[in-house]
Amino acid sequence: MTVPALAMNNGVQIPQLGFGVFLVPDTETKAAVQTALEAGYRHIDTAKLYQNEAGVGAAIAESGIPRDELFVTTKVWNSEQGFDPAIASFEASMDRLGLDLLDLLLIHWPAPDLNRYVDTWRALEKLYAEGRVRAIGVSNFQPAHLQRLFDETSVVPAINQIELHPLLPQSELRAFHAEHGILTEAWAPLAQGGSVLTDPVIAQIGERLGKSPAQVILRWHIELGNVVIPKSVTPSRIRENLDVFDFELTAEDRSAIDGLETGDRIGPDPDTFSRV
Ligand code: NDP
3 MTVPALAMNN GVQIPQLGFG VFLVPDTETK AAVQTALEAG YRHIDTAKLY QNEAGVGAAI
63 AESGIPRDEL FVTTKVWNSE QGFDPAIASF EASMDRLGLD LLDLLLIHWP APDLNRYVDT
123 WRALEKLYAE GRVRAIGVSN FQPAHLQRLF DETSVVPAIN QIELHPLLPQ SELRAFHAEH
183 GILTEAWAPL AQGGSVLTDP VIAQIGERLG KSPAQVILRW HIELGNVVIP KSVTPSRIRE
243 NLDVFDFELT AEDRSAIDGL ETGDRIGPDP DTFSRV
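The numbering used here runs 2 ahead of the 1-based position in the sequence shown.
Listed below in structure tokens is the structure:
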């Protein structure tokens with residue numbers, strides 16, 4: 003299975019489809035990531051918050067896959083925002099992952115009430131300048147938060163990882179990203195396994211194409227140009243979610259899926275969420 007790669011704004015390539023591990027307990031993470039690597043995934047998305055970086059690192063260490071064929075993302079949690087705390091957070095994540103070079107480091111949420119994301123970004127810029135990370139980005143940033151980074155710092159984020167699925171396609175934010183050379187990465191690409199997976203519109207498209215609802219939705223993301231990181235602990239689903247590169251949706255399929263938009267979020271509102 004060959005997953006296409008997208009070039010970020012600094013030329014570094016990111017596999018367009020990766021494996022998310024939110025809510026996977028550390029004790030189960032090694033096995034899940036091993037299954038994903040065996041299936042052909044080469045991109046893993048974790049975070050300090052998920053408390054499973056050690057499991058990710060163990061699976062990578064035992065895989066025997068050359069490090070430069072893997073792409074690993076982790077994130078700085080809200081409680082570690084600020085210049086020095088963000089550097090310390092990165093060092094601790096790297097110890098848990100057992101890595102000396104990270105592919106992508108993200109600020110997990112803007113947490114605007116804390117008002118520390120600009121200082122946090124300067125820490126990420128330093129790590130990037132020192133060659134400790136191959137790319138830096140953000141997550142859950144709204145245009146106003148990105149604009150502050152453009153105005154007050156030097157490096158334009160490579161990626162913004164945001165909640166995005168057929169119920170919340172984020173068209174305006176995606177257009178803003180495109181205008182500024184930022185890739186869009188979709189979290190909860192399957193709407194966390196919710197009702198969209200049983201939606202008759204998706205089911206009908208899948209029946210015609212001989213594909214599952216999850217595969218239809220992941221294909222929709224790929225055709226939009228999103229980086230996508232579905233999570234599963236179920237081996238058959240882990241393999242199924244990667245098998246989305248041998249078919250295409252029609253323009254009618256895409257507009258039928260676009261019609262599912264409700265604008266409803268599953269996760270918190272980035273303008274107000276500042277939990278530490
Ligand atoms: P997803 O949209 O990936 O959905 C995961 C759920 O869908 C699980 O319950 C899983 O079940 C189920 N599922 C997976 N594949 C299938 C399938 N083929 N058929 C039916 N059900 C399926 O949600 P996530 O929230 O996990 O998002 C993906 C990743 O994004 C996270 O793991 C994390 O890495 C990242 N993320 C980032 C956030 C941020 O703030 N930056 C916030 C949330 C997530 P099961 O595991 O039981 O198979």
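Idealized CB from N, CA, C, for every residue including glycine.
Using beta-carbon positions only, say whether methionine 10 and alanine 131 come within less than 8 Å of one another.
For the purposes of this step, residue 10 is identified with residue 8 of the sequence shown, where counting begins at 1. For the purposes of this step, residue 131 is identified with residue 129 of the sequence shown, where counting begins at 1. Contact flag unset, no.
Complete runs of the alpha helix (DSSP H) confined to the segment 157 to 214 [at least 4 residues]:
173 to 182 and 202 to 211
Excluding five sequence neighbours on each side, which residues of the same chain lie with their C-beta closer than 6 Å to the C-beta of tryptophan 189?
Reading the sequence shown from its first residue, position 187 is the one you call residue 189. Taken in chain order, the residues that qualify are Gln163 and Glu165.
Using the rule of at least 16 other Cβ atoms within 10 Å of the residue's Cβ for burial, across every protein chain shown, is leucine 107 buried or exposed?
Here residue 107 corresponds to residue number 105 of the sequence shown, with the count starting at 1. By the neighbour-count rule (16 or more Cβ atoms within 10 Å), leucine 107 is buried.
Is the beta carbon of isoleucine 89 less than 8 Å from the beta carbon of alanine 125?
In the sequence shown, counting from the first residue as 1, residue 89 sits at position 87. In the sequence shown, counting from the first residue as 1, residue 125 sits at position 123. Contact: yes.
Return yes when the Cβ of valine 246 is within less than 8 Å of the Cβ of isoleucine 224, no when it is not.
Walking along the sequence shown from the start, residue 224 turns up at place 222. Walking along the sequence shown from the start, residue 246 turns up at place 244. Yes, these two residues count as a Cβ contact at 8 Å.
For alanine 63, I'd like the list of residues in its chain whose CB is within less than 6 Å of its CB, leaving aside the five on either flank, ordered along the chain.
For the purposes of this step, residue 63 is identified with residue 61 of the sequence shown, where counting begins at 1. The answer, listed in chain order, is Gly100.
With 16 as the cutoff for other CB atoms within 10 Å, does glutamine 217 come out buried or exposed?
For the purposes of this step, residue 217 is identified with residue 215 of the sequence shown, where counting begins at 1. Per the 10 Å Cβ criterion, buried.
For the ligand NDP, any of its heavy atoms closer than 7 Å to the Cβ of alanine 41?
What you label residue 41 is simply residue 39 of the sequence shown in a count that begins at 1. For the ligand NDP, not one heavy atom lies less than 7 Å from the Cβ of alanine 41.
Just the C-alpha distance for alanine 49 and valine 158, rounded to the nearest angstrom, thanks.
Position 47 of the sequence shown, counted from the first residue, corresponds to residue 49. Position 156 of the sequence shown, counted from the first residue, corresponds to residue 158. Cα-Cα distance, rounded: 21 Å.
Taking the alpha carbon of valine 120 as the point to measure from, which residue in Phe85, Tyr43, Asp102 and Val135 has its own alpha carbon closest?
Here residue 120 is taken as the residue at index 118 of the sequence shown, counted from 1. Distance check between valine 120 and each of Phe85, Tyr43, Asp102 and Val135 places Phe85 closest, using alpha-carbon atoms only.
Confirm, please, whether the CB-CB distance from proline 272 to proline 112 is below 8 Å.
Working through the sequence shown from its first residue, we reach residue 112 at position 110. Working through the sequence shown from its first residue, we reach residue 272 at position 270. Yes, these two residues count as a Cβ contact at 8 Å.
Compute the minimum distance between the beta carbon of tryptophan 189 and the heavy atoms of the ligand NDP, and state whether it is under 7 Å.
Within the sequence shown, numbered from 1, the residue matching residue 189 stands at position 187. Tryptophan 189 Cβ: within cutoff of the ligand NDP.
Using a Cβ-Cβ cut-off of 7 Å (strictly less than) and excluding sequence neighbours within five positions of aspartate 105, which residues of its own chain qualify?
Position 103 of the sequence shown, counted from the first residue, corresponds to residue 105. Closer than 7 Å at Cβ, skipping near neighbours: Phe73, Val74, Thr75, Arg136 and Ala137.
Simplified DSSP state of valine 35, which is helix, strand or coil
Within the sequence shown, residue 35 is the residue found at index 33, counting from 1. In this structure, valine 35 counts as helix in the three-state DSSP scheme.
Are the beta-carbon atoms belonging to isoleucine 2 and isoleucine 184 less than 8 Å from one another?
Lying before the first or after the last residue shown, residue 2 is absent from the chain, which here runs from 3 to 278.
Return yes when the Cβ of valine 198 is within less than 8 Å of the Cβ of leucine 169, no when it is not.
Your numbering for residue 169 matches position 167 in the sequence shown. Your numbering for residue 198 matches position 196 in the sequence shown. Contact: yes.
Where DSSP assigns a beta bridge to glutamine 15, which residues make up the other side?
Numbered from 1 along the sequence shown, position 13 holds the residue referred to as residue 15. The partner list for glutamine 15 (beta bridge, DSSP) reads Ala9.
Considering Cα atoms alone, identify which of Leu226, Leu19 and Glu181 is closest to glutamine 149.
Against the sequence shown, residue 149 aligns to sequence position 147. It is Glu181 whose Cα lies nearest to the Cα of glutamine 149.
Any heavy atom of the ligand PLP inside 7 Å of the beta-carbon of glutamine 53?
With respect to the ligand PLP, the structure offers nothing, as its ligand set consists of the ligand NDP.
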